[in-house]
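Just below is one structure, and these are the notes that go with it.
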Amino acid sequence: MATRIDIELTSRQDEGKTFTWRAAGARQPKGAADASLFPESAEVGDEFRVDTEMDVDGIRVTQVIPPKGKEPKKVETLELITRDDEPLVTEVRAERGRGRGDRGDRGPRRGGGGRDGGRGRKDGDRGPRGEGGDRGPRGEGGRRGGNDRPRTPAKPKLPPKPKPPRLKAGKAHRNALIDSLPEEQKAVAQELLRGGLQAVRTGLEKQNEQRKVEGQDPIDEGPIVTLAEELLVKVRAAEWRDRAEAALEQSETVDLRDLRSVVTASDGAAKDDETRALAAKVRTALNERLDADQQAWVAEVVEMLDDDRVVRALHLSSRPPKAGAPLPAPVALRLVEAANASMSSETSPDRWSYILEALAHSPVRRQVVPVSLPGTVSDELKATIARHGSRLPEIAQIFGVEPDPKAGRDANRRKRRSGGKPKKDAKPGDAKADQPKADESKAEEPKVDEPKAEEPQVEEQAVPEAVEQAPTEAPAPEIPAAEALEAEQATADGGSSDDAGEDTTS
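Converting from the sequence shown to my numbering requires adding 414 to each position, the first position being numbered 1.
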């Protein structure tokens, strides 16, 4: 039975009459074959596919299979199907009819020539048209001769005002205090610096819980808490000195709240001549900073009035750097006149709401009288007037809106007064829920922790209500400190809201 294998010619013998071969790519099997079986062009190294048979002498090549020729590559073509020669646009022409003057068998119109002859107008009464048949210029908006009121272009938004940097105090005096203490007191002092007496108590509770799990006796908290109370005064004094020295160096740029907090804490921390002298320097730096910021504040209000940014000027007037300082009389008069002119019948209801929101916390709010009322009073505008009706009683009376007595007493205001979130689990009559521990309140009396960035200080946010010799109807009453806090919180991000109000077109 014939077997088909691939072989490779390895040599030529017997004067070219015989080829020796072996399996392609292998050493075995191998043998010899007659050269006449191969093509004349066969040479050593060529590979062929052959039929072989086994006999006594070995493997014998019986036939050489001719190699398959390469099939020609098929060339694929695309058939282009062309469209019929038809016009790209279908056009249907109407039959040519009669002219405008051709009435056929109907005869002429009554009353003369034209279509409008029977309406009392004769030929020639129409008058000549302008050059090119113009009908006259069109007004803006697409209507001929329109009396559209020109729209006020939106003012470009002011860049956001950079926030003053917070106080960055060093730790020189605190580190010196820690180094001067005995080794057994250093851990307590470090906990006091980290979180006050509460941190010491919390650390003791955790240690006692761990010792209880390990089966050891708990630590007596009394002596350690007593030691912490004694060290607290020294720790707070060292902390205040670090902050006071930093505030003195950064007095021209640091946030006023931090500068005020250092001055306020000096009464309990300055115990010797050196710290008292340092406190006096910080207090002087605060006064100089307040005077400079007060002048810059007045100049910024004037700049906003010059730029016709009434909403921004009203917001600024409610946030004086120096608590209780009134606006100068000329500036206050300009602010009143600008606010009066900005509220008229041509002002949109949305802009009315923006202006009233800013006016509600301004020191000139009781002297502002709108020039005229809007033609349409929207529900949003009524809600704004009701919300600020207690602060704008004259405006509420003009619009006939009853002030909302619950306005301004929301959860945020209660949170600011209490200093945190209201306790849900505490009952109304539970006096122990809000009562601090006696030893903690006693020991933390000279506390000078840095105020939170989001909570303005009460002492610095009293909004001025008096205007120096302002030729207005009556002086405005003073705003309580709690209401001043609400004004500061409501306008903390005044830049974005002011720009929104100024961009609203009338």
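For every residue, glycine included, the Cβ atom is placed at its ideal position computed from N, Cα and C.
Here the structure is a predicted model, which means the values were calculated and not measured.
### Query
Which residues bound the beta strand (DSSP E) around Gln476?
Checking the sequence, you will find Thr at residue 476 rather than Gln. Residues Gly472 to Ile479.
### Euclidean distance between Cα positions of Gly617 and Gln624
If I take the Cα positions, the gap works out to 11 Å.
### Task
Identify whether Ile419 lies in helix, strand or coil by the three-state DSSP scheme.
Look at Ile419 here: in three-state DSSP terms it is strand.
### Ala810, DSSP secondary structure in three states
Helix.
### Residue range of the beta strand (DSSP E) that includes Thr616
Not the beta strand (DSSP E): Thr616 falls in the alpha helix (DSSP H), residues Glu597 to Val627.
### Query
Exposed or buried, what is Thr424 when buried is set at 16 or more other beta-carbons lying within 10 Å of its beta-carbon?
It counts as exposed.
### Val475 versus Glu490, Leu492 and Phe452, residue with shortest Cα-Cα distance
Looking at Glu490, Leu492 and Phe452, the one whose alpha-carbon comes closest to that of Val475 is Phe452.
#### Entry: Length of the line joining the Cα atoms of Pro927 and Val791
Because residue 927 is not part of the residues shown, which for the chain are 415 to 920, the question remains open.
### Task
Find out if the Cβ-Cβ distance for the pair Ala660, Lys582 is shorter than 8 Å.
Closer than 8 Å, so yes.
### Query
Of the residues Leu700, Ile769, Asp631 and Gly472, which one's Cα is nearest the Cα of Arg671?
Per the C-alpha coordinates, the member of Leu700, Ile769, Asp631 and Gly472 positioned closest to Arg671 is Leu700.
### Query
Tell me the DSSP bridge mates of Gln630?
In the DSSP assignment, Gln630 is bridged to no other residue.
### Message
Just verifying my parser: in three-state terms, what is the DSSP assignment at Ser425?
### Response
Looking at Ser425 - three-state DSSP - the assignment turns out to be strand.
### Query
Exposed or buried, which one is Gln664 when buried takes at least 16 other CB atoms within 10 Å?
Burial is judged here by how many other beta carbons sit within 10 angstroms of a residue's own beta carbon; Gln664 has at least 16 and is buried.
### Query
Do you know how far the Cα of Leu641 is from the Cα of Ser577?
Checking the displayed sequence, the identity of residue 577 turns out to be Lys instead of Ser. Counting only the Cα atoms, Leu641 lies some 41 Å from Lys577.
### Message
How far does the beta strand (DSSP E) with Glu467 in it extend, from its first residue to its last?
### Response
Its beta strand (DSSP E) spans residues Glu461 to Asp469.
### Separation of Val668 from Glu869, as counted between CA atoms
In this predicted model, Glu869 has a pLDDT of only 36, less than 50, meaning its place in the structure is not dependable; the value taken from the coordinates is given anyway. Just so you know, the alpha carbons of Glu869 and Val668 end up roughly 16 Å apart.
### Query
From which residue to which residue does the alpha helix (DSSP H) around Gly636 run?
It spans Glu635 to Glu663 - the alpha helix (DSSP H) in which Gly636 sits, taken as one unbroken run.
### Message
So, for Gly789: in the same chain, excluding its five sequence neighbours on each side, which residues have a beta-carbon less than 8 Å away from its beta-carbon?
### Response
Taken in chain order, the residues that qualify are Ser759.
#### Entry: Host alpha helix (DSSP H) of Lys571 (start-end)
From DSSP, Lys571 is part of no alpha helix (DSSP H); its letter is neither H nor E.
### Task
Have a look at Arg615, Glu714, Ala739 and Leu673 and flag the residue whose alpha-carbon is nearest the alpha-carbon of Val696.
The residue among Arg615, Glu714, Ala739 and Leu673 with its C-alpha nearest the C-alpha of Val696 is Leu673.
### Task
Name the one or two DSSP bridge partners that Leu436 has.
Reading off the sequence, residue 436 comes out as Arg, not Leu. Note: Arg436 sits in a beta bridge opposite Glu422 and Lys444.
### Task
Quick one: using the 10 Å Cβ neighbour count with 16 as the cut-off for buried, is Arg657 buried or exposed?
By the 10 Å Cβ count, Arg657 comes out buried.
### Query
Count the other CB atoms within 10 Å of the CB of Arg780; is the residue buried (16 or more) or exposed (fewer)?
So Arg780 ends up on the buried side.
### Task
Kindly indicate the opening and closing residues of the alpha helix (DSSP H) around Gly430.
Careful: Gly430 lies outside any alpha helix (DSSP H) and carries neither H nor E.
#### Entry: Run of the alpha helix (DSSP H) containing Ser756, from where it starts to where it stops
It spans Ala743 to Ser756 - the alpha helix (DSSP H) in which Ser756 sits, taken as one unbroken run.
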